[in-house]
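Protein chains in written order, with this note's numbering: chain R, 1 to 321; chain B, 1001 to 1321. Report on one structure; see the data block that follows.
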């Protein structure tokens, strides 16, 4: 397909183009496009509402072979991870379900194979998806408050999720400072087989980092460190450097996998350099934290930091293979 | 397709089955599954938060021939109409965009035709969709606060929308009383050609009906009066009767069309019988209101009211043709 139908280099470029003229900070919106969640003013200066929407689509985020409970779990936990990435506590969620018609009898359109479609739309399949949703909601403190269904050509689940912070402000991507250290929770890479379905959102960890003012900037790693760290750097209008050797890797992951597999759903955050010892001392969660690099002032004369030539890139949903 | 893959008579039956074991009124959720919006407790007893998600899907809610500005407009206005149906004021919205790949090169799956796919994914198409979204948002007082994209096999737009009521409680479907009169705003039927794309959500009307305590129950008509009125009756555990002759119809709509076309997005509401004259006197909006029937106590011994034999049914997304 020629490029004139897709003049966007990446998902980020597409969003930038489409939302360029949006009035993003109207009304009670404090942070709009460009962070993990939208941030809205709450009922007092110490209260902020977080608002997030996230979708999993058949064959993009899971396959017909994925256990349906894990499809439901993943859909919810992805959205919860974005609330965690701002240091928030999740609240109510709504579910939108796209349901292919059994047999795919949509005359105007190509039909999905009957077998696959029937599987996605069977009662037991849907019940298991919802059980996964419900279990993950209970685990994360989310209230499932309703939703709706639509006929669709492929099975999908969209989650709209509210969250909040009280007593401290949500941590953004855009507030890292030159010299801040760069950290990740847990280990990265080799996520495709099962980890992308079974991960636990870093809720308590994110809340601790935000409430204790350790994190100067934070996000979750959904598209790989190689893609998400440049997003944090650009949002903060800074440069950054990584010490590749220090990046904590999951078993079976080489450096490339740790940088680019994506769907790690670990927290990526920055802290002031003089709080590193205190953070290590007070860290009391089962998952590890590792310092992997440092933010730097961006080079003068450049509009935004770009990864160096040898940078290992992450995952882009819209990029042509 | 045999019924064993779809043991649900309708969209309503599917939702009932899937959400039967949900803890729907956990946390700050006041009303969960089963109304136009979820209702959450606000920052004071006089404040309620409304939360809604709604999707438009290519070939289900619009076609390749639909002007893209109207696709964006419809997506937003559908969700706003549900806020209006509870008497609320809309706030921030998030957009989830499903984007087919140009050329449809998804090897494991049937490809949509290149021409259609390219159209849906062209830069100008997307810009026009977003312009429609933005214009409708400005018109309805909605703040577009962000969103995300996913690759998908068909183009879709999901809207997650927040709203609120202050100083009065949201009007539910479930609070009609025996003897209450049944009303609709505007005219019904013959919506398919253009009206389903260009309607104006009845925001001011809904707020007036709620704030002045006229409406004892309310919802918007999305699947046709013939399907939505039974929903209101069942939610209120009442029966109802319609005077078919009084139903206000759009030009070109016969009674069947007025009952079953769907996507009218007019308000359907009930009032106490002794406030009818006051309502008529104080109604100051350009659109009309018409009394079309009356709620009745349900027949004893029946679990829920069912439409009579000769009832003209509305639209069900999931029903087999």
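All C-beta atoms, glycine included, are put in the ideal place defined by N, C-alpha and C.
DSSP three-state assignment for residue i, whether helix, strand or coil
i: residue 86/R; result: coil
i: residue 1240/B; result: strand
i: residue 1193/B; result: coil
i: residue 1154/B; result: coil
i: residue 1212/B; result: coil
i: residue 1040/B; result: strand
i: residue 99/R; result: strand
i: residue 227/R; result: helix
i: residue 1014/B; result: helix
i: residue 1172/B; result: coil
i: residue 1177/B; result: coil
i: residue 202/R; result: coil
i: residue 166/R; result: strand
i: residue 1184/B; result: strand
i: residue 71/R; result: helix
i: residue 331/R; result: A question about residue 331/R goes unanswered here, because the residues of chain R that appear run from 1 up to 321.
i: residue 245/R; result: helix
i: residue 160/R; result: strand
i: residue 92/R; result: strand
i: residue 80/R; result: helix
i: residue 313/R; result: coil
Interface partners of residue i on chain R, CB under 8 Å
i: residue 1028/B; result: 91, 92, 143
i: residue 1083/B; result: Going along chain R, no residue has its Cβ under 8 Å from residue 1083/B, so there is no contact; the nearest lies around 13 Å.
Alpha-carbon spacing of residue i relative to residue j, whole angstroms
i: residue 1227/B; j: residue 1137/B; result: 29 Å
i: residue 234/R; j: residue 308/R; result: 14 Å
i: residue 1214/B; j: residue 1194/B; result: 31 Å
i: residue 1076/B; j: residue 1014/B; result: 25 Å
i: residue 1039/B; j: residue 240/R; result: 44 Å
i: residue 1056/B; j: residue 1062/B; result: 7 Å
i: residue 1050/B; j: residue 1142/B; result: 13 Å
i: residue 95/R; j: residue 1017/B; result: 15 Å
i: residue 1028/B; j: residue 243/R; result: 45 Å
i: residue 139/R; j: residue 1191/B; result: 44 Å
i: residue 1086/B; j: residue 1176/B; result: 13 Å
i: residue 231/R; j: residue 1036/B; result: 37 Å
i: residue 249/R; j: residue 198/R; result: 17 Å
i: residue 306/R; j: residue 1258/B; result: 58 Å
i: residue 1294/B; j: residue 1288/B; result: 18 Å
i: residue 1298/B; j: residue 1238/B; result: 5 Å
i: residue 1133/B; j: residue 216/R; result: 34 Å
i: residue 1246/B; j: residue 1253/B; result: 13 Å
i: residue 1224/B; j: residue 180/R; result: 58 Å
i: residue 1147/B; j: residue 1260/B; result: 34 Å
i: residue 313/R; j: residue 188/R; result: 14 Å
i: residue 1030/B; j: residue 178/R; result: 46 Å
Option nearest residue i by Cα separation, candidates the options
i: residue 1129/B; options: 1225/B, 1284/B, 1071/B; result: 1071/B
i: residue 1283/B; options: 1204/B, 1249/B, 1163/B; result: 1204/B
i: residue 1169/B; options: 1223/B, 1018/B, 1271/B, 1207/B; result: 1207/B
i: residue 1166/B; options: 1078/B, 1212/B, 1123/B, 1225/B; result: 1212/B
i: residue 186/R; options: 163/R, 196/R, 265/R, 173/R; result: 265/R
i: residue 1279/B; options: 1198/B, 1246/B, 1182/B; result: 1182/B
i: residue 218/R; options: 172/R, 252/R, 290/R, 200/R; result: 172/R
i: residue 127/R; options: 160/R, 259/R, 69/R; result: 69/R
i: residue 1145/B; options: 1152/B, 1154/B, 1155/B, 1159/B; result: 1159/B
i: residue 222/R; options: 67/R, 84/R, 236/R, 149/R; result: 84/R
i: residue 1154/B; options: 98/R, 179/R, 209/R, 276/R; result: 98/R
i: residue 65/R; options: 275/R, 125/R, 209/R; result: 125/R
i: residue 54/R; options: 178/R, 32/R, 93/R; result: 93/R
Neighbour list for residue i in chain B, Cβ cutoff strictly below 8 Å
i: residue 98/R; result: 1055, 1057, 1156
i: residue 404/R; result: Within the shown structure, residues of chain R are numbered from 1 to 321, placing residue 404/R beyond reach of any answer.
i: residue 258/R; result: What residue 258/R touches in chain B: nothing, since even the nearest Cβ is about 24 Å away.
i: residue 40/R; result: 1091, 1092, 1145, 1162
Chain R contact residues for residue i, given Cβ-Cβ distances below 9 Å
i: residue 1032/B; result: 92, 143, 144, 145, 146
Residue i Cβ short of 7 Å to the ligand NAD heavy atom set
i: residue 161/R; result: Inclusion of the ligand NAD in the displayed structure is not the case, the ligand content being empty and no account of it being possible.
Chain-ordered neighbours of residue i on chain R, where CB pairs are closer than 7 Å
i: residue 1043/B; result: 43
i: residue 1130/B; result: 18
i: residue 1126/B; result: 18
i: residue 1014/B; result: 149
Short CB-CB distance (under 8 Å) between residue i and chain C
i: residue 1051/B; result: Of the protein chains in this structure, namely R and B, none is chain C.
Neighbouring residues, chain B, relative to residue i (Cβ below 9 Å)
i: residue 79/R; result: The contacting residues do not exist; residue 79/R stays about 10 Å from chain B at best.
Amino acids of chain B, ordered along the chain, whose beta-carbon sits closer than 7 Å to that of residue i
i: residue 242/R; result: Under the 7 Å cutoff, chain B gives no residues; its nearest Cβ is about 26 Å from residue 242/R.
Quick check on the DSSP output: what are the complete beta strand (DSSP E) runs of length 3 or more inside the segment 248-298 of chain R, in order along the chain? Segments of the beta strand (DSSP E) lying fully in the segment 248-298 of chain R: 267-271, 289-297.
Considering only residues of the segment 1123-1150 of chain B, which uninterrupted alpha helix (DSSP H) runs meet the minimum length of 4 residues and lie entirely inside it, listed in chain order? If we require 4 residues or more, the alpha helix (DSSP H) runs fully inside the segment 1123-1150 of chain B come out as 1123-1140.
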